[in-house]
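Visitor: In full-length UniProt numbering, the protein residues as written are 1 to 98. Positions of the beta carbon are idealized from the N, C-alpha and C atoms, including for glycine.
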Amino acid sequence: MDQSELARRTGITSVAVNGWCTGATKSIKGENLLKAAAALKVSPQWLAYGKGTMTGDLPSLSLDAASVKDMLDELERRGETEVAQLFFEYARRKEKGG
Numbered sequence: 001m002d003q004s005e006l007a008r009r010t011g012i013t014s015v016a017v018n019g020w021c022t023g024a025t026k027s028i029k030g031e032n033l034l035k036a037a038a039a040l041k042v043s044p045q046w047l048a049y050g051k052g053t054m055t056g057d058l059p060s061l062s063l064d065a066a067s068v069k070d071m072l073d074e075l076e077r078r079g080e081t082e083v084a085q086l087f088f089e090y091a092r093r094k095e096k097g098g
């Protein structure tokens, strides 16, 4: 899935999606993180932290506020470069059929 398709599926602007992918945006906000994870069919935790199972049993979108805050704090801690690397790693895996 390319950036424009992700933007279309999530209802998030292509400028915002581009910012995530290039690292220009430091972190993904809670609702957008959940939308992006759902569209990419990955767990929000994997997308936010790069840890755990990328897909598998995806958690429901009824995350509590503390979980969302923890994810956002971790994204901010990791910084824009690591967040961008997570997106690029995901794209590479999808291209390879993984």
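For the candidate residues Lys-26, Leu-40 and Arg-77, whose alpha-carbon lies nearest to that of Arg-92?
Guide: Ranking Lys-26, Leu-40 and Arg-77 by Cα distance to Arg-92 puts Leu-40 first.
Visitor: With Gly-19 as the anchor, note down where its alpha helix (DSSP H) starts and where it stops.
Guide: Segment 14 to 22, the alpha helix (DSSP H) holding Gly-19.
Visitor: Might you give, ordered along the chain, the residues of its own chain that have their beta carbon closer than 6 Å to the beta carbon of Leu-86, omitting 5 neighbours on each side?
Guide: The answer, listed in chain order, is Gly-50.
Visitor: Short of 8 Å in beta carbon distance, which residues of its chain neighbour Ala-84, apart from the five on each side in sequence? Order them along the chain.
Guide: The residues are Trp-20, Cys-21, Thr-22 and Gly-23.
Visitor: Measuring alpha carbon to alpha carbon, tell me which of Thr-25, Leu-6 and Gly-11 ends up nearest Gly-79.
Guide: Of the candidates Thr-25, Leu-6 and Gly-11, the one whose C-alpha sits nearest the C-alpha of Gly-79 is Thr-25.
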